[in-house]
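Okay, structure first, notes after.
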Amino acid sequence: MRNSSRNTILLLTAGSFFAFFVFGFTDNLKGPTLPALLQDLGFNYSLGGTILFGTYLGFLIATLVTGILADVVGKKAVILIAGLCLALGVGGYSSFHSAGLLTGAMLVLGLGLGALELGSNTIIVDLHTERKGRYLNLMSVFHGLGSMLAPLYAGSLLAANTSWRCVYRWDYVLITVLILFFLLVGYPKGSTAQSQRIDFKNLGKTAFTRQMGWFYFAIALYVATELGIASWLVEFLQKARALTVTQSTQSLSFFFALIMLGRFLGSFFIERIGYLRAILIASLGAAGCLALGLFGSAGMAFFLPLTGFFLSIIFPTITAAASELHQENISSILGFLFTFAGVGGMIGPWLIGVAGDAFGISLGFSLTLLYSSMITVSVYILLKRMRHAPTIP
């Protein structure tokens, strides 16, 4: 980045951090508003899970397509496309009444979320070639901040008998600021984020090695865990633990507050511990908290939001570790990585909804423990396979 001015790098870094705030805020309006939507439209858990499925299907499609698109046309264009999709998705979701149209609106919203995540992560990787793990975790702090504020904001409006549709419509303010910011800020010349030719044959060989396969599996399980909690924690606490709307939405906010805190603290030590070791420790802690919160006494339900502290560093640290393996077409590589994250986000919450209908929300929500335990297993295997690979800290 020798040809880049310091001010431009700072602006784009700040813009990426804000984009992740919008990402976290928008994505996590669905959890606190889901019970109101189900009651308003008379939908069951399976139908609610299907609507959420649309979000993550869109996310999956976006990460697969925009990774390659970012290498060809640049990442700024991807962020702008993301903003447009968010605006269209929020507009449709806050207006439609049928399950099919709501699912379609969430698919468009998911396209925006996937493009936003891909674009922001690859901008940071491009601008900060050294200590990328720190900057990715710091950026994710803003995702945690947005995710924490979303339930508080939604819960306060819902408690005042405001429609869940109005809760979503106010998100237009953030989306508009995001689009205007990236319209006005240029991208540094000479950056690897500018368009580049893609050797698809070589890309296929580097993107689908055994090592990358374990990265894909781990990140899919992580997203299934986090989004499973984000989507169904409020419903679980209200139905299985008899908490009020305010108490349950505050618990979700606490979950995201701890994700934010964990990522901030983690940014200072993950390079010292090592990326994969840090992920292994974090996944063990998350599984332990889920087990205590799910199967302990009613008073131990506070362990469920505490899971956020341990989950916090996993996604950005997996991203940093995977990016260390590749120098060319990093946007496309991360696009594949985030595509598998989309698979986890698509299937994880949906299965919880299906299992909740079949066996009750308590057993359905317990799938989050299975997901998190599988993260531990997959990262342990990856760590053993890669302990002789010096490129991964």
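Every position in the sequence shown, counted from 1, becomes a number in the numbering used here once 245 is added. The C-beta atom is built at its ideal place from N, Cα and C for all residues, glycine as well.
- T258 has its alpha-carbon roughly 8 Å from the corresponding atom of I368.
- Our two residues, S365 and S291, have alpha carbons roughly 32 Å apart in a direct line.
- Its Cα nearest to that of F262, the residue I324 stands out among I324, T311, K275.
- The three-state secondary structure of Y417, taken from DSSP, is helix.
- Within a 10 Å sphere around the beta-carbon of G345 sit fewer than 16 other beta-carbons, which makes this residue exposed.
- A contact between stretches requires three or more CB pairs, one per stretch, nearer than 8 Å, and the stretch 552–564 meets this requirement with the stretch 495–506.
- Within the same chain, Cβ atoms closer than 6 Å to the Cβ of K377 are found at V370, A565, the five residues on either side in sequence being excluded.
- Of the other Cβ atoms in all chains shown, 16 or more fall within 10 Å of the Cβ of I420; this residue is therefore buried.
- In the DSSP annotation of this structure, the continuous segment of the alpha helix (DSSP H) that includes S392 starts and ends at 377–404.
- Ranking A399, G473, Q483 by CA distance to the CA of S498 puts A399 first.
- In this structure L363 touches A315 by the C-beta definition: roughly 7 Å separates them, less than 8 Å.
- DSSP places L314 in the uninterrupted alpha helix (DSSP H) bounded by 290–318.
- The stretch 530–540 and the stretch 413–433 do not touch, with fewer than three beta-carbon pairs separated by less than 8 Å.
- Counting along the chain, M631 sits inside no alpha helix (DSSP H), nor does DSSP assign it H or E at all.
- Put simply, of G533, Y625, Y380, F266 the residue whose alpha carbon is nearest the alpha carbon of G328 is F266.
- Rounded to whole angstroms, the gap between the alpha carbons of I606 and L478 is 10 Å.
- Cβ atoms of I592 and L612 stay farther apart than 8 Å, at about 10 Å.
- Taking 9 Å as the cut-off, the beta carbon of F270 is found no closer than this to the beta carbon of S401.
- Each residue's CA atom was taken as its position, placing A322 and L347 some 27 Å apart.
- Considering only G287, D272, A281, E375, the residue with the shortest C-alpha distance to L352 is D272.
- Taking 8 Å as the upper bound for CB-CB distance, S385 and R508 are in contact here, some 5 Å apart.
- Within the stretch 312–370, complete alpha helix (DSSP H) segments of at least 4 residues are found at 320–338, given in chain order.
- Within the same chain, no residue comes within 7 Å of L255 by CB-CB distance, once the 5 residues on both sides are set aside.
- Apart from the 5 residues on each side of it in sequence, V624 sits with its Cβ closer than 7 Å to the Cβ of A463, L521, I524, L525, S528 in its chain, given in chain order.
- By the criterion of a C-beta distance shorter than 7 Å, L286 is surrounded in its chain by H342, once the five residues flanking it on both sides are discounted.
- When the Cα atoms are used, G389 and L403 turn out to be separated by approximately 21 Å.
- Shown here for A531: same chain residues with a beta carbon closer than 6 Å to its own, the five before and five after excluded, namely T552, F555, L556, S617 in chain order.
- In this structure, the CA atom of A485 is about 44 Å from the CA atom of I575.
- Here the alpha carbon of A603 sits roughly 21 Å from the alpha carbon of G299.
- Scanning the stretch 472–512 for uninterrupted alpha helix (DSSP H) segments of 4 residues or longer gives 490–511, listed from N- to C-terminal end.
- Inclusion of G293 and L282 in the CB contact set at 9 Å is warranted, their separation being smaller than that value.
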